[in-house]
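Q: Note that the sequence shown ends on residue 270 in this note's numbering; no numbers are left out. Even for Gly, the Cβ is constructed at its ideal location relative to N, Cα and C. The structure presented is a predicted model; accordingly, all values stated were derived computationally and were not measured.
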Amino acid sequence: MSSSGDVATSRHRLGYQPALDGLRGLAVFAVLAYHGGISGARGGFLGVDVFFVLSGYLITALLVQEWGQTGRIDIRAFWVRRVKRLMPALIMLAVAMVGWLFLLAEPAERSGLRLDILASLGYVANWRFVVSGQSYFAQFANPSPLRHTWSLAVEEQWYLIWPLVVWAGLRVTRGRLGRLTLLVVGAAMGSAVWAAVLWGNGDLSRIYYGTDTRAQELLMGAGLALLLAKVTFSPRLRWLFDAMGVAALGALVSGAVLVHDTSPWLYRGGLLGTSLVV
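#1: What number of angstroms, rounded off, separates the C-alpha of M79 from the C-alpha of R68?
#2: Spell out a yes or no on whether the region 178 to 188 and the region 11 to 19 are touching, meaning 3 or more CB-CB pairs, one atom from each, closer than 8 Å.
#3: For Q61, count the other beta carbons within 10 Å of its own beta carbon; 16 or more makes it buried, fewer makes it exposed. Which is it?
#4: On the CB-based measure, 16 or more other CB atoms within 10 Å of its CB, does Q149 come out buried or exposed?
#5: Measure the C-alpha to C-alpha separation of G161 and Y151 and round it to an integer number of angstroms.
#6: On the DSSP letters alone, give me the boundaries of the alpha helix (DSSP H) that R230 sits inside.
#7: For a minimum of 4 consecutive residues, which ranges assigned as the alpha helix (DSSP H) are wholly contained in the region 76 to 144?
#8: To which residues of the same chain is D253 closer than 6 Å at the C-beta, ignoring the five residues directly before and after it?
#9: For G265 and Y115, what's the separation of their Cα atoms in angstroms?
#10: Who are the near neighbours of Y201 in its chain, counting only those whose CB is closer than 6 Å to its CB and skipping five residues on each side?
#11: Along the alpha helix (DSSP H) that carries F43, what are the first and last residues, could you check?
Have a look at this one:
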């Protein structure tokens, strides 16, 4: 495969960005505060949105950079790197859960926990929780100890499918990133519309867990990566981007404090709006 078009001339290179580590840290704190029931963090679940947008951005930037440098994308090597990075910790968690299953779990819990373990190892935990009707938002329910693996499942499904999509998109558009960016943003909007349709059924957990409905955040991150690979901004605009970053951070902090997890607007375009802020 030969690289052509915008990718071949892109000067954007992805390196270590300490600011992203800080943003991840704030997102982790927000999610932990939300689940810990800390007053003033009722919107902390939005930290997951931050992770999804960053994942979409980073993975797409790496794939486009590889295409521009080598004229190809080694999808198999990409998958192997993901497995090596994520699977060891997940296996350790699964082993601990198996010990809990046989030694400490109540008999009534064992069947469900067994399926949760298998779903987590197969990176389909989010769909397992959808099918089994496990609400993400129930305050007084007894949640699965593996419920947090739902977001990991969404990301792994993204890692499996997205490199193939990027490879196909770059071939079809002959490396024209403008066209590919429009397609990606259009897909994000489609995901947001689908979430709004499902909201009409009243099942918020289906929207929150679903790969199809959370794709909007991943796709917006991907769209940003494609835009930055195509467009070079003047250094004189640095002050403007710094100001926008401060304003966006303020908006995210405000959302973590004020947004309620059952707010209708959140599932009728709000997740997409949050992605834009991120």
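A: Quick answer:
#1: Across the structure, M79 and R68 are spaced so that their CA atoms are roughly 16 Å apart.
#2: no
#3: With fewer than 16 other Cβ atoms within 10 Å, it is exposed.
#4: Looking at its Cβ environment, which holds 16 or more other Cβ atoms inside 10 Å, Q149 is buried.
#5: G161 and Y151: Cα-Cα distance of roughly 16 Å.
#6: 230 to 250
#7: 99 to 113, 117 to 123
#8: Cβ within range, chain order: F37, F129.
#9: One C-alpha to the other measures close to 27 Å.
#10: Scanning its chain for C-beta atoms nearer than 6 Å, with the 5 sequence neighbours on each side dropped, one finds around Y201 the residues N118, F121, V122, W142, in chain order.
#11: 39 to 62
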